[in-house]
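In our numbering, each residue carries its 1-based index in the sequence shown increased by 5. To start, the structure itself, in structure tokens.
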Amino acid sequence: MASNSACRLAMQVIEHKYCYMKRFSLFLMLIFILLSVAGGYPTGQVLDRTYYFEDAGKNMPYTLYLPKGYSAKKIWPLVVALHGLFSNPSQIIRYPRLTAQAEKYGYIVVAPMGYNTVGWYGSRGQLSFYTKPNNLGELSEKDVLNVVTIIQKEFSVDSRNIFLMGHSMGGGGTWHLGMKYPEKWAVLGPLAPAAPRNINDLKKIKDTPVIMVMGTKDSLWRSGLKWVEEMKRLNMHYEYIEVKNGGHVRSVIERLPEVFNFFEKHRHQPVERVDY
């Protein structure tokens, strides 16, 4: 009797282990399927990443958001978001509404560091006395371009639909990089921008759609109006959103849905991806 009981107990243990292993195998298979759809990358969440910036001799942080439906089987628009003075990539990509809008339209979002918190992305801003290292502007600008290249190589990005936007100092960087590399960007979104001084270069992007947001209580508002007037003079395709009694930050955050809607309206029709 004792022998039979021991056998039954052993069989129950074996059966339990088999069922556990079977469930665990199914779980692993499900994880594998989910990861394979996104190419092995987590989706629907902000990812803090780094890369080695050879010119600077150190690792550079940037943040990335892949929409939940991301798959390498099709190409995706990319939004490049430039943070403001003394801010960082982790802050701007977590602005309320930003990733929700990226999810709504199916956009990848990346936020570069711009070398440091005061690099101005190569533009000349009101606080341009931050000049260490001596080639700060060059490094800040190149960091953005490096990150865009990294994302294009690693993910399935639609090169015809790369949207550049930025807040405050990042808005100035949006103007600067937009005018310097007009062939790279489908649309520009300078948001409450600390504008650079080269307003005459706007003619270089007179065919590029622009959406600009300013609050009337923002200290940068009046300087921003000069850029609106110049866009009007050049007969550019632009949308200017003026937030009455709006400040420097909330005006931008509240109007992000309109910014992304503008991106979507001017999105080039995708070309079917063909894998050989």
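Here a beta-carbon is modelled for each residue, glycine too, at the ideal position from N, C-alpha and C.
- By the C-beta criterion, the stretch 108-115 is judged not to be in contact with the stretch 186-194, since fewer than 3 inter-stretch pairs fall below 8 Å.
- Membership of Y110 in the alpha helix (DSSP H) is indicated by the continuous run 103-110.
- When rounded, the separation of the alpha-carbon atoms in K78 and S161 is 8 Å.
- For Y67, the closest C-alpha among the options Y46, V85, H273, P47 is that of V85.
- Membership of I216 in the beta strand (DSSP E) is indicated by the continuous run 215-220.
- Taken atom to atom, the span from the alpha-carbon of H181 to that of W81 is near 25 Å.
- Residue pairing by DSSP places N64 opposite Y57 in a beta bridge.
- Secondary structure in the stretch 173-212: the alpha helix (DSSP H) runs of 4 residues or longer, each lying completely within the stretch, are 174-185 in chain order.
- Taking C-beta separations shorter than 7 Å and ignoring five residues to either side along the sequence, the partners of Y57 in its chain run N64, following chain order.
- Secondary structure of P94 (DSSP, three-state): helix.
- Taking a contact to require three or more Cβ pairs closer than 8 Å, the stretch 221-231 and the stretch 190-200 qualify as touching.
- For a cut-off of 8 Å, the C-beta gap from I246 to E235 is around 17 Å, too long to register as a contact.
- Residue environment: G183 is assigned as buried (16 or more neighbouring CB atoms within 10 Å of its CB, all protein chains considered).
- DSSP links I80 through a beta bridge to no other residue.
- About 28 Å separates the beta carbon of N205 from that of H273, a gap too long to meet the 8 Å contact definition.
- For the pair G171 and P195, the Cα-to-Cα distance works out to about 5 Å.
- DSSP places S161 outside both helix and strand once states are collapsed to three, so it counts as coil.
- A residue is called buried once 16 or more other Cβ atoms fall within 10 Å of its Cβ, and A105, having fewer, is exposed.
- The shortest C-alpha to C-alpha distance from L71 to any of L83, G62, A61, D60 is the one to L83.
- For V114, the enclosing beta strand (DSSP E) covers residues 113-117.
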